[in-house]
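Notes to accompany the following structure.
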Amino acid sequence: DAGVIQSPRHEVTEMGQEVTLRCKPISGHDYLFWYRQTMMRGLELLIYFNNNVPIDDSGMPEDRFSAKMPNASFSTLKIQPSEPRDSAVYFCASSRDSGNTIYFGEGSWLTVV
Amino acid sequence: AQSVTQLDSHVSVSEGTPVLLRCNYSSSYSPSLFWYVQHPNKGLQLLLKYTSAATLVKGINGFEAEFKKSETSFHLTKPSAHMSDAAEYFCVVSDRAAGGGNKLTFGTGTQLKVEL
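Sequence order for the protein chains is A and B.
In this text, residue positions in the first sequence follow the working numbering: the first is 16, and each later residue adds one.
In this text, residue positions in the second sequence follow the working numbering: the first is 15, and each later residue adds one.
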């Protein structure tokens, strides 16, 4: 199994630019999660999907953030426009069903300058 | 509401000595509890999980944790530390969320340093 695959691994962008982070969950997993990790706030759940449907987006910081899951094997997290305070590591994770272990990707390291 | 408290932000041990990383949790229901490890510039890897079966849980790389309901604790231990264990460790509590999914709440992490 290839695990959860995220891209890009590293991105440096200028303030105001659009950033798109991508995720391919483990095949057969029904749940997909987006987390953000910063020194100040630790790991925060941004949003999660079940069967491609967004279930809880209460962790999305503001309207500049949006996430989609057009099919079972792909999800995006978009920031438009980006700001320096968005600099963080963004993790995608997936799980087979409710109650099962959540597996994390290796993260997308975003720096907004 | 659920929460988890990792009592030490940094732990330093000598190679070959025991490791103890402390975690206390709060949960409205019977929780699922996890320990994840994060090596530098890497994602989070599951070490072990407790889901209401045996209270002593064995994980990978020689780690284990004991669920103690009376103490609301889930401390992580290893008999003998190895240099490769140096990493950040997260205690995590899981509760059922809207839509039936798992909503994980992470502790703030414990940085483990292993010295020669």
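The beta carbon of each residue, even a glycine, is placed where N, CA and C say it ideally should be.
What you are looking at is a predicted structure, and each value in this text was computed from that prediction instead of being measured.
Under 8 Å between C-beta atoms of residue i and residue j
i, j, result
"Gln-21 (chain A)", "Cys-107 (chain A)", "yes"
"Cys-38 (chain A)", "Gly-122 (chain A)", "no"
"Leu-92 (chain A)", "Leu-36 (chain A)", "yes"
"Asp-109 (chain B)", "Val-128 (chain B)", "no"
Whole-angstrom distance between residue j and residue i, CA atom to CA atom
i, j, result
"Ala-15 (chain B)", "Thr-119 (chain B)", "10 Å"
"Glu-80 (chain B)", "Thr-69 (chain B)", "6 Å"
"Val-68 (chain A)", "Ser-26 (chain B)", "44 Å"
"Met-97 (chain B)", "Pro-54 (chain B)", "14 Å"
"Arg-56 (chain A)", "Phe-104 (chain B)", "14 Å"
"Thr-122 (chain B)", "Pro-85 (chain A)", "33 Å"
"Tyr-43 (chain B)", "Ser-28 (chain B)", "38 Å"
"Lys-83 (chain A)", "Ser-90 (chain A)", "6 Å"
"Val-33 (chain B)", "Asn-65 (chain A)", "37 Å"
"His-149 (chain B)", "Gly-73 (chain B)", "Residue 149 (chain B) is absent from the model: chain B starts at 15 and stops at 130."
"Tyr-118 (chain A)", "Gly-57 (chain B)", "9 Å"
"Asp-78 (chain A)", "Asp-72 (chain A)", "11 Å"
"Val-19 (chain A)", "Ser-102 (chain A)", "21 Å"
"Val-61 (chain B)", "Ser-97 (chain A)", "For the sequence presented, residue 61 (chain B) should be read as Leu rather than Val. Their backbone Cα atoms lie some 34 Å apart in a straight line."
"Ser-3 (chain B)", "Pro-76 (chain A)", "Lying outside 15 to 130, the shown extent of chain B, residue 3 (chain B) is not represented and no answer is given."
"Trp-49 (chain B)", "Asp-22 (chain B)", "15 Å"
Supposed close pair residue i, residue j - CB separation, criterion 8 Å
i, j, result
"Val-71 (chain B)", "Lys-63 (chain B)", "7 Å"
"Gln-59 (chain B)", "Arg-36 (chain B)", "Gln-59 (chain B) to Arg-36 (chain B), Cβ: 20 Å. No contact."
Residue-chain proximity (residue i, chain B), Cβ-Cβ < 8 Å
i, result
"Thr-53 (chain A)", "no"
"Leu-36 (chain A)", "no"
"Ile-62 (chain A)", "no"
"Phe-119 (chain A)", "yes"
"Gly-31 (chain A)", "no"
"Thr-28 (chain A)", "no"
"Gly-122 (chain A)", "yes"
"Leu-92 (chain A)", "no"
"Thr-126 (chain A)", "no"
"Gly-57 (chain A)", "yes"
Spatial neighbours of residue i in its chain, beta-carbon cut-off 7 Å, leaving aside the 5 residues before and after
i, result
"His-44 (chain A)", "Ser-109, Ser-110, Arg-111"
"Ser-81 (chain A)", "Lys-93"
"Thr-86 (chain B)", "Asn-38, Tyr-39, Ser-40"
"Gly-74 (chain A)", "Glu-59, Leu-60, Leu-61, Ile-62"
"His-25 (chain A)", "Trp-124"
Cβ shell of residue i (< 6 Å), same chain only, five flanking positions each side left out
i, result
"Gln-125 (chain B)", "His-24, Glu-102"
"Gly-76 (chain B)", "Lys-92"
"Gly-30 (chain B)", "Ser-94"
"Glu-33 (chain A)", "Gln-95"
"Ile-70 (chain A)", "Tyr-63"
"Val-107 (chain B)", "Gln-16, Val-18, Tyr-39, Ser-41, Pro-45, Leu-47, Thr-119"
"Tyr-50 (chain A)", "Leu-58, Leu-60, Phe-106"
"Val-27 (chain A)", "Thr-126"
Proximity test, Cβ basis, 8 Å: residue i and chain A
i, result
"Phe-88 (chain B)", "no"
"Ala-112 (chain B)", "Reliability of the predicted coordinates at Ala-112 (chain B) is poor, the pLDDT of 48 falling under 50, and the value obtained from them is presented with this limitation in mind. True, the Cβ-Cβ gap to chain A drops below 8 Å."
"Gly-123 (chain B)", "yes"
"Phe-120 (chain B)", "yes"
"Lys-63 (chain B)", "yes"
"Leu-60 (chain B)", "yes"
"Gly-73 (chain B)", "no"
"Lys-82 (chain B)", "no"
Close Cβ partners of residue i (< 8 Å) along its chain, the five nearest in sequence each way excluded
i, result
"Asp-88 (chain A)", "In the sequence as presented, Asp is not what sits at residue 88 (chain A); that position holds Ser. Excluding sequence neighbours, Ser-88 (chain A) sits near Lys-39, Pro-40, Ser-42."
"Val-128 (chain A)", "Val-27, Thr-28, Glu-29, Met-30, Pro-99"
Below-8 Å beta-carbon distance, residue i vs any chain D residue
i, result
"Lys-127 (chain B)", "No chain D is part of this structure, whose protein chains are labelled A and B."
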